[in-house]
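Enquirer: One structure follows; several queries about it will come next.
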């Protein structure tokens, strides 16, 4: 019976998705979306799988969500892939996660869609904490896409929001010490220019989405999300659907209208 219900509900789901997408596109999409991809391990446990398999499903979902965002016209996407706190996990889990990172970076480097869509890829985080092999691949992808200006993908690996602000402060202090900057010149624009990415879109997130049911931002982009809309959904990241993305954007549109009225 459940199989029959699924077959009957699929056309209804597809109609709803198309209508929701049409509505969203008529009302403007965010320029910068940030996503906390939470729930991979819990998804695996729910299915009785090993936790690493949850990360595998999660990486495939990230690839899918990227395509949805570019199709909708989102300019920048920042994905929270691995925090500085995640280094406390077991050596085996970290090894498996870095293996997935390596595979996905190679895919971005060789995938024709990266070049057809003109996607610029950048890592945001403490690069010196990464294995040399991963860092080398990051540099290759960044070099290969540095002239792309259509879409922007930031991958937050070894990322901590407070650490980013500390690092930005160190850069600013160094410029003041060298006489390149006067203390009186320090403002929001200066801070923006000294974050992990200097791109103007990076400094302001329109909406931050978190899957997995938790309602917190977990040290993710604290400077960039000050005036952002936060959208939390209960589904684990591998279960995240296009309608979840569309609903998040619809909520951003609704709140933006309320703020203006």
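Residue numbers (our numbering): 53 to 313. Virtual Cβ for every residue (Gly too), placed ideally from N, Cα, C.
1) Look at residue 84 and residue 296 and say whether their C-beta atoms are less than 8 angstroms apart.
2) Who are the Cβ neighbours of residue 267 in its own chain at under 6 angstroms, not counting the five residues just before and after it?
3) Just tell me which of 312, 183, 306, 145 has its CA closest to the CA of residue 93.
4) Can you check the segment 204-273 for any beta strand (DSSP E) of at least 3 residues that lies completely inside it and give the ranges in chain order?
5) Where residue 225 and residue 216 are concerned, what is the direct C-alpha to C-alpha distance, given to the nearest angstrom?
6) To the nearest angstrom, how far is it from the Cα of residue 61 to the Cα of residue 67?
7) Does DSSP classify residue 53 as helix, strand or coil?
8) Quick check for students: name the residue ranges of the beta strand (DSSP E) that lie wholly in the segment 129-177, counting only runs of 3 or more.
9) Less than 8 angstroms between the CB atoms is what I'm expecting for residue 207 and residue 181, so what's the real figure, rounded?
10) Can you check which of these residues, 91, 159, 171, is closest to residue 129 by C-alpha distance?
11) Could you work out which residue in 203, 113, 282 is closest to residue 304 when comparing CA atoms only?
Expert: In short:
1) Residue 84 sits at position 32 when you count from the first residue of the chain shown. Residue 296 sits at position 244 when you count from the first residue of the chain shown. Cβ atoms of residue 84 and residue 296: not closer than 8 angstroms.
2) Against the chain shown, residue 267 aligns to sequence position 215. Closer than 6 angstroms at Cβ, skipping near neighbours: 284.
3) Numbered from its first residue, the chain shown carries residue 93 at position 41. Per the Cα distances, 145.
4) Counting only runs of at least 3 residues, the segment 204-273 fully encloses the following beta strand (DSSP E) elements, listed from N- to C-terminal order: 259-262.
5) Here the question's residue 225 lines up with position 173 in the chain shown. Here the question's residue 216 lines up with position 164 in the chain shown. Answer to the nearest angstrom: the Cα atoms are 14 angstroms apart.
6) One-based indexing of the chain shown puts residue 61 at position 9. One-based indexing of the chain shown puts residue 67 at position 15. Each residue's Cα considered, the two are about 10 angstroms apart.
7) Here residue 53 corresponds to residue number 1 of the chain shown, with the count starting at 1. Interpretation of residue 53 is limited by its pLDDT of 43, a score under 50 that renders its predicted location unreliable; the figure taken from the coordinates is listed afterwards. Coil at residue 53, not helix or strand.
8) 171-176
9) Against the chain shown, residue 207 aligns to sequence position 155. Against the chain shown, residue 181 aligns to sequence position 129. Beta-carbon to beta-carbon, residue 207 and residue 181 are separated by about 14 angstroms, too far to satisfy the 8 angstroms threshold.
10) Reading the chain shown from its first residue, position 77 is the one you call residue 129. Out of 91, 159, 171, 171 has the C-alpha closest to the C-alpha of residue 129.
11) Working through the chain shown from its first residue, we reach residue 304 at position 252. The residue with the shortest Cα to Cα distance from residue 304 is 282.
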